[in-house]
Amino acid sequence: MLSILFLPLGGIKPWIDITLPEPIILSYFQLILFYFTLLLIDYILLSNERRIPMRAVQLRVTMAIVHATIPQFIVSNHVVANLFFAAMPWFMLTYCATLPLEHISIQEAYDSFMTIMIDQERLQKIDNGKEKKKITIHSARKETLKYGCTKILRGVIKWIFLFRCIEPLLPENNSYLLSLPWFSWKSMELTLLYGIKGYCFLGIVDIGMGIEEIVLGTPLVDLFDSPIISSSPRDFWR
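Those letters in the sequence shown? Residues 4 to 241, by this note's numbering.
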């Protein structure tokens with residue numbers, strides 16, 4: 004019974020075997036414009052959901068399916084852009100779906116969304132320091148700049164490690180992994196390396212958040228402060 008687990012995956016026909024059509028390739032600017040329009044449509048639908056002949060759950064499930072399907076058919080030539088626009092609109096949709104959009108404006112929805120991106124603990128310390136005159140505007144700006152640069156540096160280090168240390172160990176053809184037995188040492192080794200590759204690749208988010216923190220001058224949360232996508236080794240055993 005267990006022997007089936009050691010059969011080469013390349014020799015097993017998948018349960019669902021559908022040939023997808025070639026995706027529509029857009030330029031970077033076109034992709035940004037497309038997803039901006041899509042998010043605007045999401046807002047219009049959610050803010051007028053009482054007029055739509057669907058239950059609230061049905062509407063949200065339908066929108067989720069649409070967002071999950073679109074990245075399969077509309078892409079760009081930039082891997083980073085594809086990753087960002089596959090995840091970020093989904094995240095914004097799931098958050099906005101919890102807001103009473105019928106009763107608030109789009110500006111209020113945006114402000115509400117931004118509050119979850121702000122590091123409230125650091126912001127509170129800065130505000131308290133200003134009130135007690137222990138922190139000046141210049142020193143607060145300097146601290147925010149330091150945190151922003153730290154985020155950027157961490158993202159750059161992840162990318163250097165990815166392309167210098169991880170990529171040389173991976174096969175040129177990714178489908179090679181599917182031809183290996185599930186629990187062979189080579190299969191598990193490559194699975195681990197691909198996991199590290201994904202983690203390091205997401206360092207681009209560190210860079211983006213760092214730049215945003217520097218430009219806005221506002222303390223932003225660290226999105227990778229969790230065991231599965233952590234910012235330091237200690238997060239793995241918290």
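Note that CB positions come from ideal geometry on N, CA and C, so glycine has one too. It should be emphasised that the depicted structure is a prediction, and the values quoted were computed from it without experimental measurement.
Under the three-state DSSP convention, the category residue i falls into
| i | result |
| --- | --- |
| ILE109 | helix |
| VAL224 | coil |
| ILE55 | coil |
| ILE119 | coil |
| ILE21 | coil |
| PHE9 | In this predicted model, PHE9 has a pLDDT of only 44, less than 50, meaning its place in the structure is not dependable; the value taken from the coordinates is given anyway. Helix at PHE9. |
N-terminal and C-terminal residue of the alpha helix (DSSP H) that residue i is part of
| i | result |
| --- | --- |
| TYR179 | Note, TYR179: premise wrong, no alpha helix (DSSP H); not H, not E. |
| MET95 | 82-99 |
| VAL188 | The amino acid occupying residue 188 in the given sequence is Trp; Val does not appear at that position. 188-204 is the extent of the alpha helix (DSSP H) around TRP188. |
| ILE248 | What the structure shows of the chain is the stretch from 4 to 241, and residue 248 is not part of that stretch, so it cannot be assessed. |
Buried versus exposed call for residue i [16 or more other C-beta atoms within 10 Å across all chains shown]
| i | result |
| --- | --- |
| PRO222 | buried |
| LYS154 | buried |
| ASP209 | buried |
| MET212 | buried |
| GLU216 | buried |
| PHE88 | buried |
| MET191 | exposed |
| SER187 | exposed |
| SER50 | buried |
*Pair every Cβ in the region 109-117 with every Cβ in the region 56-73, then say whether three or more of these pairs are closer than 8 Å.*
A contact between stretches requires three or more CB pairs, one per stretch, nearer than 8 Å, and the region 109-117 fails this requirement with the region 56-73.
*asked:* Pairs of beta-carbons, one from the region 194-207 and one from the region 149-167, closer than 8 Å: are there three or more?
replied: Three or more Cβ pairs closer than 8 Å define a contact, and the region 194-207 meets that threshold against the region 149-167.
*Inter-stretch contact at 8 Å, needing at least 3 Cβ pairs: the region 76-95 / the region 27-34*: The region 76-95 vs the region 27-34: in contact.
*Give a yes or no on contact between the region 62-75 and the region 116-126, applying the rule of three or more CB pairs nearer than 8 Å.*
The region 62-75 vs the region 116-126: no contact.
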